[in-house]
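Novice:
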Amino acid sequence: MQVPQDLEGQLIGLIASSKKMAPETIVASTTFESLAIDSLDKINLSFEVEEAFGIEIPDAAIGTIRTVGDMVEGVRGLILAREG
1 MQVPQDLEGQ
11 LIGLIASSKK
21 MAPETIVAST
31 TFESLAIDSL
41 DKINLSFEVE
51 EAFGIEIPDA
61 AIGTIRTVGD
71 MVEGVRGLIL
81 AREG
């Protein structure tokens, strides 16, 4: 799988769905804290992202995600690394 052209939009869609929010209210600079995403939510979301994109997010990386943009860049990097 190559990096999807609308990776950010797809990830925002996953986040919006999990938090039952309108995707239009979420942008790359939106913090997980402002979305009330706690550590358990991050783990659950990471499982959804792993399944959707065929990647494995290292446990250590999950704790470093602070914004939607952080997640987009991390997922992009993992997809590119897998394609190697």
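In the UniProt record's numbering, the protein residues as written are 1 to 84. Even for Gly, the Cβ is constructed at its ideal location relative to N, Cα and C.
Looking at C-alpha atoms only, which residue of Glu48, Lys20, Phe47, Glu50 is the closest neighbour of Ala36?
Specialist: Position 36 of the sequence shown holds residue 36. Comparing Cα positions, the closest option is Lys20.
Novice: According to the neighbour-count rule (16 or more other Cβ atoms, all chains shown, within 10 Å of its Cβ), is Leu40 buried or exposed?
Specialist: As a working mapping, residue 40 is identified with position 40 in the sequence shown. Classification for Leu40: exposed.
Novice: Between the beta-carbon of Ser29 and the beta-carbon of Thr67, is there less than 7 Å?
Specialist: The residue labelled residue 29 in the question sits at position 29 within the sequence shown. The residue labelled residue 67 in the question sits at position 67 within the sequence shown. Taking 7 Å as the Cβ cut-off, Ser29 and Thr67 qualify as a contacting pair.
Novice: My guess is that Val72 and Leu14 are in contact by the Cβ rule of under 8 Å, so how many angstroms apart are they, rounded?
Specialist: Taking the sequence shown and counting its residues from 1, the one referred to as residue 72 is at position 72. Taking the sequence shown and counting its residues from 1, the one referred to as residue 14 is at position 14. The pair is not a contact, with the Cβ atoms about 11 Å apart (cut-off 8 Å).
Novice: Does the separation of the CB atoms of Arg76 and Leu7 fall below 7 Å?
Specialist: One-based indexing of the sequence shown puts residue 76 at position 76. One-based indexing of the sequence shown puts residue 7 at position 7. Cβ distance < 7 Å, so Arg76 and Leu7 count as in contact.
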